[in-house]
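Reviewing the structure listed below.
Here is the structure:
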């Protein structure tokens, strides 16, 4: 889901295992949105309700891993990357809104709707874009600082961050007072965590069976806790009766689940094939297309008919095929956008952003 458009420095070169992780993470997010926006988690079908809760639990796992990937490569600030994140978001936000308006598929679109779509950062339904753009903008300060941390100092930063951002909120059922501050701080933490995994490899990081077992255990705990929470809502009063509390991105089970999935793929050795790179490089576009506020209901309820499927015996098949099919369809759209629009713009804007990046590198030195 990261929009890495600039030429990559040596420390951020693509790896087949990490590109596959990007795809898996996007599929987890698609499955999460599928059951959340279709209300499939409330189905009366017992087996399907369990499946839906498992799919829901993996959503924030995908988000956490995406940010850790950025830290794993110690991605530096690139003006081109930030500009293309904003331009691509603006293109899909406004483009989809206008397309739905002009074709008459949405009768409720007004000029105010278009205006809000154009103000995509200040009024954005894409919360991930706002947080990731904020992380990218701070990288001139964050990346050099994290890069220079020694093992002990880096470890203490993570210990204190884990305690403050994860352990205490989980054990006290604490709901953050400021969503923006909480989310952007969490992204800084994940960047630092991903960088630690890259800079200081440890023996357990190579134990793939352990990571697979932890991932399955934690995602099972999160899924089952939401089912248990349906019957014990009074215990979740402090967080607004959210029975899905343990599936939040900064809880202990979710952090363990995310780290386990990340380390599992980081330990794999997979050759980087062009089709794999094409699929992974479009992950950000997949996110922007499928999670557009005006498309959610149409994709999951009208076109996908997920709620109807959740009442029957074929829900598992829908849960496997629909996110994968939607991913491929969005990839085709995004690749077409890159070919027709991004390449010409890239030729025009690259000289300007390269000068800015070179100036920042001299300042850092």
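In the numbering used here, the protein residues as written are 1 to 365.
Backbone N, C-alpha and C define an ideal beta-carbon position, used for all residues, glycine too.
### Task
Please check the pair residue 300 and residue 249, which I expect to be a contact at CB under 8 Å, by giving their CB distance rounded to whole angstroms.
Numbered from its first residue, the chain shown carries residue 300 at position 300. Numbered from its first residue, the chain shown carries residue 249 at position 249. In fact, because the Cβ distance is near 21 Å, the residues do not count as touching under 8 Å.
### Task
Output the boundary residues of the alpha helix (DSSP H) element that contains residue 290.
The residue labelled residue 290 in the question sits at position 290 within the chain shown. Residues 283 to 290.
### Query
Mind checking residue 181: buried by the 16 CB within 10 Å criterion, or exposed?
Counting from one through the chain shown, the residue named residue 181 turns up at place 181. Classification for residue 181: exposed.
### Beta-carbon separation (whole angstroms), residue 261 vs residue 215, contact threshold 8 Å
Numbered from 1 along the chain shown, position 261 holds the residue referred to as residue 261. Numbered from 1 along the chain shown, position 215 holds the residue referred to as residue 215. Contact holds; Cβ gap of about 5 Å.
### Task
Give a yes or no on whether the C-beta atoms belonging to residue 331 and residue 266 are separated by under 7 Å.
Locating residue 331 in the chain shown gives position 331, where the first residue counts as 1. Locating residue 266 in the chain shown gives position 266, where the first residue counts as 1. Not closer than 7 Å, so no.
### Minimum Cβ-Cβ distance from residue 135 to chain D less than 7 Å
The displayed structure is made up of one protein chain only, and chain D is not part of it.
### Task
Report buried or exposed for residue 297, applying the criterion of at least 16 other Cβ atoms within 10 angstroms of its Cβ.
In the chain shown, residue 297 corresponds to position 297, counting from 1. Per the 10 Å Cβ criterion, exposed.
### Query
In chain order, what residues of the same chain lie with their CB nearer than 6 Å to the CB of residue 246, ignoring the 5 residues before and after it?
Sequence index remark: in the chain shown, residue 246 carries index 246 (1-based). Closer than 6 Å at the Cβ level, and outside the excluded window around residue 246, lie 222, 225, 253.
### Query
What is the C-beta distance between residue 310 and residue 52, in whole angstroms, given that I count them as a contact (C-beta under 8 Å)?
Here residue 310 refers to the residue found at position 310 when the chain shown is read from its first residue. Here residue 52 refers to the residue found at position 52 when the chain shown is read from its first residue. Yes, residue 310 and residue 52 are in contact; Cβ-Cβ is about 7 Å, under 8 Å.
### Task
Select from 141, 133, 192, 152 the residue whose C-alpha is nearest the C-alpha of residue 162.
Taking the first residue of the chain shown as 1, we reach residue 162 at position 162. Among 141, 133, 192, 152, the Cα nearest to that of residue 162 belongs to 192.
### Between the CA atoms of residue 166 and residue 54 - distance to the nearest angstrom
Within the chain shown, the letter at position 54 stands for residue 54. Within the chain shown, the letter at position 166 stands for residue 166. Straight-line Cα distance between these residues: approximately 21 Å.
### Message
Only counting the same chain, and skipping five residues up and downstream in sequence, which positions put a Cβ closer than 6 Å to that of residue 251?
### Response
Numbered from 1 along the chain shown, position 251 holds the residue referred to as residue 251. Once the five neighbours on either side are set aside, the close Cβ partners of residue 251 are 170.
### Helix, strand or coil at residue 45 [DSSP, three-state]
Locating residue 45 in the chain shown gives position 45, where the first residue counts as 1. It is coil, neither helix nor strand.
### Message
Under DSSP, the alpha helix (DSSP H) around residue 113 begins and ends at which residues?
### Response
Along the chain shown, one-based indexing puts residue 113 at 113. From DSSP, the alpha helix (DSSP H) with residue 113 extends over 111 to 118.
### Task
Output the distance between the C-alpha atoms of residue 277 and residue 128, rounded to the nearest integer angstrom.
The count along the chain shown starts at 1 and reaches residue 277 at position 277. The count along the chain shown starts at 1 and reaches residue 128 at position 128. Cα to Cα, residue 277 sits roughly 22 Å from residue 128.
### Task
Drop a sphere of 10 angstroms on the beta-carbon of residue 42, count the other beta-carbons inside from all chains shown, and report buried for 16 or more, exposed for fewer.
To locate residue 42, count along the chain shown from 1; it is residue 42. The residue is exposed, with fewer than 16 neighbouring Cβ atoms inside 10 Å.
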